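Our numbering puts the first residue of the sequence shown at 785, with every later residue one more than the last. First comes the structure, then the notes that go with it.
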Amino acid sequence: MINTQEGEIKVSKDVVNTIVKLSIDEVESVAEFSHNYDKKHKTLQVKIEDNNVWVNAYIALYFGSDIRKEVEKVQENIVNSVQTMLNLTVKTVNICVKDIVFKEVK
């Protein structure tokens with residue numbers, strides 16, 4: 785919930801999830817956002833409490849990517865998007881690289 789002079793703005797958790805997913809997909813080195821990596825485990829976990837956000841996400845990167853550098857880009861993109869669009873504080877963004885994928889040559 786965001787308080788303004790005019791009243792309250794409520795944003796559903798689904799909106800926060802969508803912003804995080806789109807932020808992940810914007811990074812070119814992300815081969816796939818592991819939507820169905822393991823049916824037992826969620827591939828995106830977002831916790832929102834008192835205008836704070838915690839994120840856990842599982843991704844696959846393209847082979848040859850500098851994993852640390854690219855994961856930092858993903859983390860930065862998520863933080864910037866959530867803070868800019870929702871004015872919420874992102875406390876942590878944990879990224880687990882679950883796979884490496886070869887780029888298809890066309």
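Here a beta-carbon is modelled for each residue, glycine too, at the ideal position from N, C-alpha and C. Here the structure is a predicted model, which means the values were calculated and not measured.
Using only the alpha-carbon positions, how far apart do residue i and residue j sit?
i                 : j                 : result
leucine 845       : glutamate 810     : 13 Å
isoleucine 884    : aspartate 834     : 36 Å
phenylalanine 847 : glycine 791       : 48 Å
asparagine 836    : phenylalanine 886 : 36 Å
threonine 876     : glutamate 854     : 17 Å
leucine 872       : lysine 794        : 12 Å
lysine 747        : glutamine 789     : Absent from the model: residue 747. The displayed extent of the chain is 785 to 890, so no value can be given.
asparagine 852    : glutamate 816     : In the sequence under discussion, the amino acid at residue 852 is arginine, which differs from the asparagine named in the question. Cα to Cα, arginine 852 sits roughly 17 Å from glutamate 816.
aspartate 850     : glutamate 856     : 10 Å
glutamate 888     : serine 796        : 37 Å
valine 799        : isoleucine 862    : 13 Å
valine 874        : lysine 831        : 10 Å
threonine 827     : valine 804        : 12 Å
Spatial neighbours of residue i within its chain, please: CB distance less than 6 Å, with the 5 preceding and 5 following residues excluded, ordered by chain position.
i              : result
asparagine 878 : Asn840
DSSP three-state label for residue i, please.
i              : result
glutamate 792  : strand
serine 845     : The sequence given here places leucine at residue 845; serine does not occur at that position. DSSP places leucine 845 in strand when its eight states are reduced to three.
lysine 831     : strand
valine 874     : strand
glutamate 812  : coil
asparagine 820 : No answer about asparagine 820 holds up, because its pLDDT of 48 lies below 50 and its placement is not dependable.
Counting only the same chain and skipping the five closest in sequence on each side, list residues whose C-beta sits under 8 Å from that of residue i.
i             : result
valine 858    : Ser807, Ile808, Val811, Val814, Ala841, Ile843, Val877 and Ile879
glutamine 867 : Thr873 and Val874
Give the DSSP bridge partners of residue i, in chain order.
i              : result
isoleucine 884 : Leu845
isoleucine 839 : It should be pointed out that residue 839 corresponds to valine in this sequence rather than to isoleucine. DSSP, once it has assigned bridges, lists Val830 and Val877 as partnering valine 839.
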